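Q:
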Amino acid sequence: MSSSSWFHRQPTLLPGRVLPADVVYIARATWAGVFATMSIALYSLYVVRDARLDPFELVIVGAVLEGATFLFEMPTGIVADAFSRRLSIIIGTALFGAGPVCFGLFPSLGGIVLGQVAFGIGFTFFSGAQEAWLADEIGEEAAARTYPRAAQWRQGAAIVGTLLGAGLGLLDHRVPFIVGGAAYSAFAVVLAMTMPEAGWHPAPRTSRSPWVMFTETARGGLHAIRGSGQVRSAFLVAFLVGCSSESWDRLWGYHLIEHIGVPAWRSEEHTSELQSRLHL
0 MSSSSWFHRQ PTLLPGRVLP ADVVYIARAT WAGVFATMSI ALYSLYVVRD
50 ARLDPFELVI VGAVLEGATF LFEMPTGIVA DAFSRRLSII IGTALFGAGP
100 VCFGLFPSLG GIVLGQVAFG IGFTFFSGAQ EAWLADEIGE EAAARTYPRA
150 AQWRQGAAIV GTLLGAGLGL LDHRVPFIVG GAAYSAFAVV LAMTMPEAGW
200 HPAPRTSRSP WVMFTETARG GLHAIRGSGQ VRSAFLVAFL VGCSSESWDR
250 LWGYHLIEHI GVPAWRSEEH TSELQSRLHL
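Under numbering that gives the first Met the number 0, read the sequence shown as residues 0 to 279, first letter to last.
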């Protein structure tokens, strides 16, 4: 019997009522659209104005996020395949929301780094697992029709989340991160009470350790890259795009505030400089 049989047998992980898988998937997408967007809408401005990170620290924070995502992508994938996709999604939802909460509670380099680690690891837990879970529960054809519907709901909800984040930011710059992140994490409880897992079947139990499974997966990926020119090309394109976008992704907020100027978010130094010019 698989070591994940307990998770597999439970209708829901917490006492509740099982809902149709497509309803749960769309609800999660909508919830994420509102509260994930709310919790990151002001991030690029917040880390400069409130956390006071300089350009080097902004790049370091970005590297931490990318490193956490890279290092944990395969280990968390093993959790989804060998134990429970539902459990992996629930853990990822809770961790992902904890990241913005750290941003809001600790506006410093340490707090932002800690939040990015939680953010990145949480993402790896549900990245891919939620789509695979839905396909297992309702079939690939039905899932293919549900994916674009959920994306539409998420995009519409993101507009609401952006407006709410901006509004709450007028009260206190930390509030959108704390409220958005906490609400996002809270949805993990809803998932534990409503999320079914009847269509997934755990991988056969073997004597191999998770570390052996991890290394074999990594070797398989390297073998695929070496053995296919198309895979190598796709990998190279993804690598170059990622490298070229990092400087823009991490530094556009700093450039906007410190060089172009956003009045409501100007640094104290620029405010003093502007006041001295007006006096002249």
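Cβ atoms here follow ideal geometry from the backbone N, Cα and C, with glycine treated the same way.
Bear in mind that the values here come from a model prediction, so they are computed numbers and not experimental data.
So Pro-99 and Ile-39 are in contact, right, with Cβ under 8 Å, and what is the actual spacing, rounded?
A: As a first step, residue 99 must be located in the sequence shown, where it is residue number 100. As a first step, residue 39 must be located in the sequence shown, where it is residue number 40. 7 Å between Cβ atoms; contact.
Q: Is the beta carbon of Met-194 less than 7 Å from the beta carbon of Arg-85?
A: Here residue 194 is taken as the residue at index 195 of the sequence shown, counted from 1. Here residue 85 is taken as the residue at index 86 of the sequence shown, counted from 1. The answer is yes: Cβ separation under 7 Å.
Q: Quick check on DSSP: helix, strand or coil for Val-17?
A: Numbered from 1 along the sequence shown, position 18 holds the residue referred to as residue 17. Correct three-state label for Val-17: coil.
Q: Assuming Leu-104 is part of the alpha helix (DSSP H), what are its boundary residues?
A: Position 105 of the sequence shown, counted from the first residue, corresponds to residue 104. It spans 84–104 - the alpha helix (DSSP H) in which Leu-104 sits, taken as one unbroken run.
Q: Within its chain, find whatever has a CB closer than 8 Å to the CB of Val-23; leave out the 5 residues flanking it on each side and keep chain order.
A: As a position in the sequence shown, residue 23 is number 24, starting the count at 1. Excluding residues within five positions, the ones whose Cβ falls inside 8 Å are Leu-190, Thr-193, Met-194, Pro-195.
Q: Determine the contact status of Asp-53 and Thr-145, defining contact as a CB-CB distance below 7 Å.
A: Here residue 53 refers to the residue found at position 54 of the sequence shown. Here residue 145 refers to the residue found at position 146 of the sequence shown. Not closer than 7 Å, so no.
Q: Whose C-beta lies closer than 7 Å to the C-beta of Thr-68 among residues of the same chain, with five residues either side of it excluded?
A: The residue you call residue 68 lines up with position 69 of the sequence shown. Gly-119, Phe-122, Thr-123, listed in sequence order.
Q: Measuring only the C-alpha atoms, how far is Leu-162 from Leu-235?
A: For the purposes of this step, residue 162 is identified with residue 163 of the sequence shown, where counting begins at 1. For the purposes of this step, residue 235 is identified with residue 236 of the sequence shown, where counting begins at 1. Taking the straight line joining both Cα atoms gives about 37 Å.
Q: Figure out for me which residue from Asp-49, Trp-30, Val-63 has the closest Cα to the Cα of Val-112.
A: On the sequence shown, position 113 is the one that residue 112 refers to. For the residues Asp-49, Trp-30, Val-63, the minimum Cα distance to Val-112 belongs to Val-63.
Q: Only counting the same chain, and skipping five residues up and downstream in sequence, which positions put a Cβ closer than 7 Å to that of Phe-34?
A: Position 35 of the sequence shown, counted from the start, is the residue given in the question as residue 34. Closer than 7 Å at the Cβ level, and outside the excluded window around Phe-34, lie Gly-160, Gly-179, Ala-182, Tyr-183.
Q: Going by alpha carbons, who is nearest to Trp-132 out of Gly-103, Cys-101, Gly-76?
A: Start at 1 with the first residue of the sequence shown, and residue 132 comes out as number 133. Of Gly-103, Cys-101, Gly-76, the residue nearest in Cα terms is Gly-76.
Q: Alpha carbon to alpha carbon, how far is Thr-92 from Ala-187?
A: Within the sequence shown, the letter at position 93 stands for residue 92. Within the sequence shown, the letter at position 188 stands for residue 187. Spanning the two alpha carbons is a distance of roughly 6 Å.
Q: Taking only three categories from DSSP, how would you classify Leu-235?
A: Looking up residue 235 in the sequence shown gives position 236. Correct three-state label for Leu-235: helix.
Q: Tell me which residue opens and which closes the alpha helix (DSSP H) that Thr-120 is part of.
A: Translated into positions along the sequence shown, residue 120 becomes position 121. Residue identity check: residue 120 is Ile in the sequence provided, not Thr. Here the alpha helix (DSSP H) through Ile-120 covers 108–125.
Q: Quick check on His-258: does DSSP put it in helix, strand or coil?
A: For the purposes of this step, residue 258 is taken as the residue at position 259 of the sequence shown. Helix.
Q: Which of the three DSSP states is assigned to Ala-50 in this structure?
A: Start at 1 with the first residue of the sequence shown, and residue 50 comes out as number 51. Note: Ala-50 maps to coil in three-state DSSP.
Q: Grab the span of the alpha helix (DSSP H) containing Asp-171 for me, first residue to last.
A: Walking along the sequence shown from the start, residue 171 turns up at place 172. Element bounds for Asp-171: n/a, residue is neither H nor E.
Q: Which residues mark the beginning and the end of the alpha helix (DSSP H) in which Ala-128 is found?
A: As a position in the sequence shown, residue 128 is number 129, starting the count at 1. 128–137 is the extent of the alpha helix (DSSP H) around Ala-128.
Q: According to DSSP, is Gln-229 part of a helix, a strand, or is it coil?
A: Sequence index remark: in the sequence shown, residue 229 carries index 230 (1-based). Three-state result, Gln-229: helix.
Q: From Ala-156 to Ile-25, what distance separates their C-alpha atoms?
A: Position 157 of the sequence shown, counted from the start, is the residue given in the question as residue 156. Position 26 of the sequence shown, counted from the start, is the residue given in the question as residue 25. Roughly 11 Å between the two C-alpha positions.
Q: With a threshold of 16 other CB atoms inside 10 Å of the CB of Leu-41, please say whether the residue is buried or exposed.
A: The residue you call residue 41 lines up with position 42 of the sequence shown. Looking at its Cβ environment, which holds 16 or more other Cβ atoms inside 10 Å, Leu-41 is buried.
Q: Using a 10 Å radius around the Cβ and a threshold of 16 neighbouring Cβ atoms, would you call Val-78 buried or exposed?
A: Numbered from 1 along the sequence shown, position 79 holds the residue referred to as residue 78. Counting Cβ neighbours within 10 Å, Val-78 comes out buried, since at least 16 surround it.
Q: What is the rounded straight-line gap between the Cα of Val-116 and the Cα of Phe-102?
A: Residue mapping note: residue 116 aligns to position 117 of the sequence shown, counting from 1. Residue mapping note: residue 102 aligns to position 103 of the sequence shown, counting from 1. Straight-line Cα distance between these residues: approximately 11 Å.
Q: Please classify Gln-154 as buried or exposed, where buried requires at least 16 neighbouring CB atoms within 10 angstroms.
A: On the sequence shown, position 155 is the one that residue 154 refers to. Exposed is the call here.
Q: Is the beta carbon of Pro-175 sitting closer than 7 Å to the one on Leu-167?
A: To locate residue 175, count along the sequence shown from 1; it is residue 176. To locate residue 167, count along the sequence shown from 1; it is residue 168. Contact flag set, yes.
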